[in-house]
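The structure appears below as structure tokens.
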Amino acid sequence: MFIARVTGSVVSTQKVQTMTGHKLLIVEPYRLESEKRQSLETTGRTFVAVDTIGAGEGEFVLITQGSSARLTPETKTLPIDAVIIGIVDNVHIDKTSVYNRNN
């Protein structure tokens, strides 16, 4: 599981039937900045994840990948590799707040 930021969406009018009605979002993984460890920074990668919780562009979310992505009731029959399973409110590292949704 890791943190990513929603940066966009994907529209696909033709897809396998089981994917109909599922929102696809572009997400960009983030990591802890290595020197001061006081902020999150992008990894520079992006990929597509199925949104099961109603996340929006600009939000930080929790992602799970691989076979774990198919362990939720909403995704157990889907041919997916990444799913959004939570919206991040706060991130604290060593008693320091590195992200707060309200700021």
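Residue numbering for the sequence shown follows my numbering, beginning at 9 and increasing consecutively. Here a beta-carbon is modelled for each residue, glycine too, at the ideal position from N, C-alpha and C. Bear in mind the structure is a predicted one, so any value in this text is a computation, not a measurement.
Rounding to the nearest angstrom, what Cα-Cα distance links residue i and residue j in this structure?
i: I93; j: V19; result: 20 Å
i: E43; j: K23; result: 43 Å
i: E41; j: A12; result: 14 Å
i: N108; j: D97; result: 6 Å
i: G52; j: Q25; result: 32 Å
i: Y27; j: K84; result: Tyr is not the amino acid found at residue 27; the sequence shown has Met there. Looking at the two C-alpha atoms, the distance is approximately 12 Å.
i: T72; j: N111; result: 25 Å
i: P81; j: S75; result: 13 Å
i: A77; j: T104; result: 30 Å
Please check the pair residue i and residue j, which I expect to be a contact at CB under 8 Å, by giving their CB distance rounded to whole angstroms.
i: V14; j: E67; result: 5 Å
i: H30; j: L70; result: Contact doesn't hold; Cβ gap of about 18 Å is too wide.
i: S17; j: V106; result: About 26 Å; that fails the 8 Å criterion.
i: A63; j: L33; result: 6 Å
Specify the secondary structure class of residue i as computed by DSSP and reduced to three states.
i: S75; result: helix
i: T85; result: coil
i: T26; result: helix
i: D97; result: coil
So the candidates are the options; which of them puts its Cα closest to the Cα of residue i?
i: H100; options: Q25, R45 and G64; result: R45
Stretch-stretch touch, CB-based, cutoff 8 Å, three pairs: the stretch 81-90 with the stretch 52-66: yes
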